[in-house]
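In the working numbering, the protein residues as written are 5 to 335.
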């Protein structure tokens, strides 16, 4: 069955009227622009991580005083869960592999890391989703701490590492993979992330070199940067394209990662509050043991000596403290 078009549709249409002299053409009103939501709503996980880092740093300042803005005392870094090689390996403080990613050494340190996280985090979160980014950040941070610990063990030093840069480098490594998957080797995103990593490693080498020449300790931890970047890229390679997580699954994964971080923080707080040696490095423990021996506090001296035997049993200073302890306390 066919239909016959209406006559009105077949009638010739009048030509559009052109504006005459002195007349202003009428323009259609512009389409209303849809305002984009603010960035913190587009990437809530990124800004939640920034908030936690800033909150921890505020607590560090409360513990150290205003001088902590310029440089945080090592006792505060230890107390808040800094990753020291000897304690992590020989006292089994594995929780510090994660907690150290939320601890920072100065205002410049946290400012640099949070600016980098603010730039890179939303990109990865919007491209991969919070359900992928949360485990990525946690695992990359742990991998960065493991890299720092391994390098410190090889160098035989009492290395203390803190900062979110290992986890952030994991985001950079993931962004490299995302850029390659979208546009291949010519990806502007991939090139930008590669330049960022190269600049970070170069800066780390230069700063560390100048600090060593000046007789100072510390500097950029390129071992943590490398560990985090490799872990982030490896995790992103395993992501399957086209797989989207439901809102409930995303919430469960993010909450699980948050609980893991909170659990590590609780372990650090419990150890710090129950053990006076928790906020001490090797040198501070040697001084503490010597003071306890001189004061006749044999119980405290014994605890300090046992910890020194775990951390550096062959160090000459530790053997001297052991002899003094046996001579004074007899056991």
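We treat Cβ as the ideally placed atom computed from N, Cα and C, and that holds for glycine.
Just so you know, the alpha carbons of residue 99 and residue 241 end up roughly 27 Å apart. Buried is the label assigned to residue 147, since at least 16 other Cβ atoms lie within 10 Å of its Cβ. Less than 9 Å divides the Cβ of residue 151 from the Cβ of residue 170. Of the candidates 94, 123, 139 and 77, the residue whose Cα lies closest to the Cα of residue 111 is 77. Under the three-state reduction of DSSP output, residue 88 falls in the strand class. In the structure shown, residue 110 falls within a coil segment according to DSSP collapsed to helix, strand and coil. For the 9 Å CB-CB criterion, residue 149 and residue 177 do not form a contact. Using a 10 angstroms sphere on the CB of residue 88, the tally of other CB atoms reaches 16 or more, which defines it as buried.
Taking 9 Å as the cut-off, the beta carbon of residue 137 is found no closer than this to the beta carbon of residue 101. In summary, residue 55 is exposed, with fewer than 16 beta-carbon neighbours lying within 10 Å of its beta-carbon over all protein chains present. As the crow flies, the alpha-carbon of residue 318 is around 12 Å from that of residue 160.
The beta carbons of residue 333 and residue 302 sit closer together than 9 Å. The shortest C-alpha to C-alpha distance from residue 118 to any of 321, 305 and 172 is the one to 172.
Judged by beta-carbon spacing, residue 82 lies within the 9 Å limit of residue 284, meaning their Cβ atoms are closer than that value. Taking C-beta separations shorter than 6 Å and ignoring five residues to either side along the sequence, the partners of residue 163 in its chain run 89 and 156, following chain order.
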